[in-house]
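**Q** Residue numbers (the working numbering): 101 to 333. C-beta atoms are modelled at their ideal positions from N, C-alpha and C, and glycine is treated no differently. These numbers come from a predicted model, not from an experiment. Structure below; questions to follow.
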């Protein structure tokens, strides 16, 4: 049992940075929320409704997720625009219909321009030919294109170089704040955990051992966090 009687309330508009050493339960928490790992006991509630037994597909109607690996979350042989078109249909029943790709191109252009990384000039490029940063930016856009109730960011900048990581984090923060998204973000970067979000939690041994928010989080320093949680950096 990795999660041990974990009880976590996530409120509308929370941007929670999630810290913890390897094996602390971070990915298990996300997999449980997303539905890829059913809990052995307890409940998962969304807007007051019990979704514990709901499938990943059913949860995709209100949940978006970006993984650490840029290769996950996109179809490699489909173009950027085709991937974005798939994202517009997230959680919907698939039926035989015209793709309507051409009609959506102006909206896709506008969405990709916001990432400031050249993705807008590659709408007709196969995703497998993008850089890692562009592919991860595409995954992020796909996860947020239809505003999710819950956004899970699973170390989504960890595989990128420092400059690309900082750029994506800046765009992530802007999108979360502009759309007032409810977001949980796993990170191993203490600076990012302190800089972004209104709330910070530390997982250890499958439990939430530290939960700080608002002005209390603003006062938190890297040194104080390290002294509480040892060498998680």
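Do residue 268 and residue 240 have their CB atoms nearer than 9 Å?
**A** Here residue 268 refers to the residue found at position 168 when the chain shown is read from its first residue. Here residue 240 refers to the residue found at position 140 when the chain shown is read from its first residue. Result yes, Cβ atoms of residue 268 and residue 240 sit closer than 9 Å.
**Q** Could you tell me which residues DSSP puts in a beta bridge with residue 288?
**A** On the chain shown, residue 288 is found 188 positions in, with the first residue counted as 1. Answer is none; residue 288 lacks a bridge partner.
**Q** Which of the three DSSP states is assigned to residue 373 in this structure?
**A** A question about residue 373 goes unanswered here, because the residues of the chain that appear run from 101 up to 333.
**Q** On the CB-based measure, 16 or more other CB atoms within 10 Å of its CB, does residue 364 come out buried or exposed?
**A** Because residue 364 is not part of the residues shown, which for the chain are 101 to 333, the question remains open.
**Q** Just to confirm the assignment, what range does the alpha helix (DSSP H) spanning residue 130 have?
**A** By one-based count along the chain shown, residue 130 stands at place 30. From DSSP, the alpha helix (DSSP H) with residue 130 extends over 126-134.
**Q** Taking the C-alpha atoms as reference points, what is the distance between residue 257 and residue 169?
**A** Residue numbering aside, residue 257 sits at position 157 when the chain shown is read from its first letter. Residue numbering aside, residue 169 sits at position 69 when the chain shown is read from its first letter. About 9 Å.
**Q** Starting from residue 277, trace the alpha helix (DSSP H) both ways and give me its first and last residue.
**A** Along the chain shown, one-based indexing puts residue 277 at 177. Looking at the DSSP string, the run of the alpha helix (DSSP H) that includes residue 277 is 262-279.
**Q** Can you list, in chain order, the residues of its chain whose CB lies under 8 Å from that of residue 110, leaving out five sequence neighbours each side?
**A** As a working note, residue 110 is residue 10 in the chain shown. So the list reads 116, 250, 282, 284, once near-sequence residues are dropped.
**Q** What does the Cβ neighbour count give for residue 236, buried or exposed, with the cut at 16 atoms within 10 Å?
**A** Locating residue 236 in the chain shown gives position 136, where the first residue counts as 1. It is buried - the Cβ of residue 236 has at least 16 other Cβ atoms within 10 Å.
**Q** Alpha helix (DSSP H) containing residue 313: first to last residue?
**A** Along the chain shown, read from residue 1 onward, the residue named residue 313 stands at position 213. Per DSSP, residue 313 belongs to no alpha helix (DSSP H); it is in the beta strand (DSSP E), 307-313.
**Q** Provide the residue(s) that pair with residue 149 in DSSP beta bridges, ordered along the chain.
**A** Here the question's residue 149 lines up with position 49 in the chain shown. In DSSP, residue 149 forms a bridge with 146.
**Q** Please report how far the alpha carbon of residue 182 lies from the alpha carbon of residue 323, in whole angstroms.
**A** If you number the chain shown from 1, residue 182 lands on position 82. If you number the chain shown from 1, residue 323 lands on position 223. Going by the C-alpha atoms only, they are around 46 Å apart.
**Q** Tell me the start and end of each unbroken alpha helix (DSSP H) in the region 209-260 that is at least 4 residues and wholly inside, in chain order.
**A** Counting only runs of 4 or more, we get 232-244.
**Q** On a CA-only basis, which of 318, 188, 146 is nearest residue 203? Give me that one, please.
**A** For this step, residue 203 is matched to residue 103 along the chain shown. Measuring from the Cα of residue 203, the nearest candidate turns out to be 188.
**Q** Going by beta-carbon coordinates alone, are residue 302 and residue 243 separated by less than 9 Å?
**A** Position 202 of the chain shown, counting from 1, holds the residue named residue 302. Position 143 of the chain shown, counting from 1, holds the residue named residue 243. For residue 302 and residue 243, no; Cβs fall outside 9 Å.
**Q** Where does residue 190 fall in DSSP's three states?
**A** Locating residue 190 in the chain shown gives position 90, counting from the first residue. Looking at residue 190 - three-state DSSP - the assignment turns out to be coil, as it is neither helix nor strand.
**Q** Note down the Cα distance separating residue 293 from residue 118, rounded to an integer number of angstroms.
**A** In the chain shown, the residue the question calls residue 293 occupies position 193. In the chain shown, the residue the question calls residue 118 occupies position 18. Taking the straight line from one Cα to the other gives about 7 Å.
**Q** Pull up the DSSP beta-bridge partners for residue 303, would you.
**A** Working through the chain shown from its first residue, we reach residue 303 at position 203. For residue 303, which the question treats as bridged, DSSP gives the partners 308.
**Q** Residue 156 lies in the beta strand (DSSP E); which residues open and close that run?
**A** Within the chain shown, the letter at position 56 stands for residue 156. From DSSP, residue 156 is part of no beta strand (DSSP E) but of the alpha helix (DSSP H) over 156-159.
**Q** Which residue marks the beginning of the beta strand (DSSP E) containing residue 163, and which one marks its end?
**A** Indexing the chain shown from 1 puts residue 163 at position 63. Where residue 163 is concerned, the enclosing beta strand (DSSP E) stretches over 163-166.
**Q** DSSP puts residue 115 in a beta bridge; with which residues?
**A** Numbered from its first residue, the chain shown carries residue 115 at position 15. BP columns for residue 115 point to 283.
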